[in-house]
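Structure record follows, encoded as structure tokens.
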Amino acid sequence: MSPLTFVTVVFEAEVPLLELQARSMARYLDPASVEEMLILDNSVLGLSGPSRRRLLREYGALQDRVRIVRTRELIDPGATGGWRSQQAAKLAIARRIRTPHYVVLDAKNHFTRAASAAEFVDRTGRAFGRSHPYTTHPLRESLVRTLTYLGADAHQTERAVAAFPPTATPFVFDTDTVRAVMDDIERRSGRTFPEEFERRELLEFFLYAGWIDTRGPGLAALRNNRSLPAPAVWPKAASVDGVRAAIAEHRREDAAVFAVHRQVLAAADPATLARIAEAWTTFGLFPDAASAGTFIRRFRRRYLPAIVWTRGMERVRRAVGHRKRAPRLTSSVVRSETPAI
Numbered sequence: 134m135s136p137l138t139f140v141t142v143v144f145e146a147e148v149p150l151l152e153l154q155a156r157s158m159a160r161y162l163d164p165a166s167v168e169e170m171l172i173l174d175n176s177v178l179g180l181s182g183p184s185r186r187r188l189l190r191e192y193g194a195l196q197d198r199v200r201i202v203r204t205r206e207l208i209d210p211g212a213t214g215g216w217r218s219q220q221a222a223k224l225a226i227a228r229r230i231r232t233p234h235y236v237v238l239d240a241k242n243h244f245t246r247a248a249s250a251a252e253f254v255d256r257t258g259r260a261f262g263r264s265h266p267y268t269t270h271p272l273r274e275s276l277v278r279t280l281t282y283l284g285a286d287a288h289q290t291e292r293a294v295a296a297f298p299p300t301a302t303p304f305v306f307d308t309d310t311v312r313a314v315m316d317d318i319e320r321r322s323g324r325t326f327p328e329e330f331e332r333r334e335l336l337e338f339f340l341y342a343g344w345i346d347t348r349g350p351g352l353a354a355l356r357n358n359r360s361l362p363a364p365a366v367w368p369k370a371a372s373v374d375g376v377r378a379a380i381a382e383h384r385r386e387d388a389a390v391f392a393v394h395r396q397v398l399a400a401a402d403p404a405t406l407a408r409i410a411e412a413w414t415t416f417g418l419f420p421d422a423a424s425a426g427t428f429i430r431r432f433r434r435r436y437l438p439a440i441v442w443t444r445g446m447e448r449v450r451r452a453v454g455h456r457k458r459a460p461r462l463t464s465s466v467v468r469s470e471t472p473a474i
């Protein structure tokens, strides 16, 4: 089976989680299944030297396969920003990937047992990933909007709302297909891919799967609709019971990947955080719960300052971008719009 490229987007507040992901990859991911590890650095000023060195240490024997790419190398930072720039970058990176498939992760994902490329792509070359209904899903409107943009008819839209690929990571992309999606969008719109992505308020996973379903070979040609389990502890379930439920799902599905959302670590009560520390220790990511607890405390100390910094700099960048894009008024226009006194 061909090796894979693994892609993770990170910004300031999630750097410690990326370190944990790197540690888990070094421990559990089959080196023969890894062509490259691409870190899409979406931080405002770029990862610092100390952060880069810590990350590389955590990747262990895989560190020579790590490449850090600034998202602004892939997309015009004036075209989109923040969360949306992360989405666009997950697709734009396909133009720099050499493997037939790549796996997109969030920084919150970490491996919990031995895993290989066979977890993500089957022997026929189809990606793992089971569809689910969007009938009452909060992203239903976004799905319908994306499909409408792609020219889906009523039957295609109805079928997609009934069952469509998820928007969660890990997500497996067919590299050539992503390139075809971007080329098609640029050709039809007359704009760069990031510009059109932002202008139409698209979502990366919906755009990719929707294009395959409406303009490509159909989802069944590229996806096997088999489960790719990756239980997560989400903010709405930030409780001891929520953590227990995610761990039970992890055990039941024999999942290779688990996730804890950053907001859970930032805001959960001590009992919940202790349960997470215990789980990480059981997964073999820390030698004991005390070490995991130290990691969580470090994350919490850095989290709020990182969020405040990032949001502040994003506001500045948007303001500068808006001024650069604003049309200049000629003197004649100024005179004609100035009221007589």
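Numbering (the working numbering), first residue to last: 134 to 474. No residue lacks a Cβ here, since even glycine has one placed at the ideal position from N, Cα and C. None of these values were measured; they are calculated from a predicted model.
With DSSP collapsed to three states, give me the class of T139. Reading off the sequence, residue 139 comes out as Phe, not Thr. Note: F139 maps to strand in three-state DSSP.
Give me the residue from G351, S275 and L272 with the minimum Cα distance to D307. G351
Under the rule that 16 or more other beta-carbon atoms within 10 Å means buried, what is K369, buried or exposed? exposed
Which first and last residues belong to the beta strand (DSSP E) in which H234 is found? H234 to D239 is the extent of the beta strand (DSSP E) around H234.
Using the Cα positions of V397 and W367, report the straight-line distance between them to the nearest angstrom. 7 Å
How is the beta strand (DSSP E) around M170 delimited, first residue to last? V167 to D174
Under the DSSP definition of a beta bridge, which residues are partnered with L162? A248
Starting from R231 and walking both ways along the beta strand (DSSP E), at which residues does that stretch end? Here R231 belongs to no beta strand (DSSP E), and DSSP marks it neither H nor E.
Might you give, ordered along the chain, the residues of its own chain that have their beta carbon closer than 6 Å to the beta carbon of S176, omitting 5 neighbours on each side? F144 and E145
Entirely enclosed beta strand (DSSP E) segments - the segment 246-331, minimum 3 residues: 304-307
Residues in its own chain within less than 6 Å of W413 by CB, not counting five upstream and five downstream? Only F419 and A425 meet the Cβ criterion.
Give the DSSP-derived three-state secondary structure of H383 in the structure shown. helix
Return the bridge partner residues of V202 from the DSSP annotation. L173
Could you check how far apart the C-beta atoms of P298 and R356 are, in whole angstroms? I think they sit under 8 Å. 7 Å
Do A371 and A401 have their CB atoms nearer than 8 Å? yes
Can you give me the C-alpha to C-alpha distance between R500 and S184, rounded to a whole angstrom? The question about residue 500 has no answer here: the residues shown for the chain are numbered 134 through 474.
Do you know how far the Cα of G445 is from the Cα of P403? 29 Å
Given a cut-off of 8 Å, decide if H383 and T245 are closer than it, judged by their beta-carbon atoms. yes
Collapsed DSSP secondary structure at R133 in the structure displayed: A question about residue 133 goes unanswered here, because the residues of the chain that appear run from 134 up to 474.
Minimum C-alpha distance to S218 - residue among L238, H288, L406 and E331: E331
Let me see if you follow: with CB-CB separation under 8 Å, is G262 close to chain C or not? The structure shown contains no chain C; it is built from a single protein chain.
In chain order, what residues of the same chain lie with their CB nearer than 7 Å to the CB of L150, ignoring the 5 residues before and after it? A240, K241 and R395
How about A250 and P136: are their beta carbons less than 8 Å apart? The answer is yes: Cβ separation under 8 Å.
Where G193 falls, given that 16 or more other Cβ within 10 Å makes a residue buried: exposed
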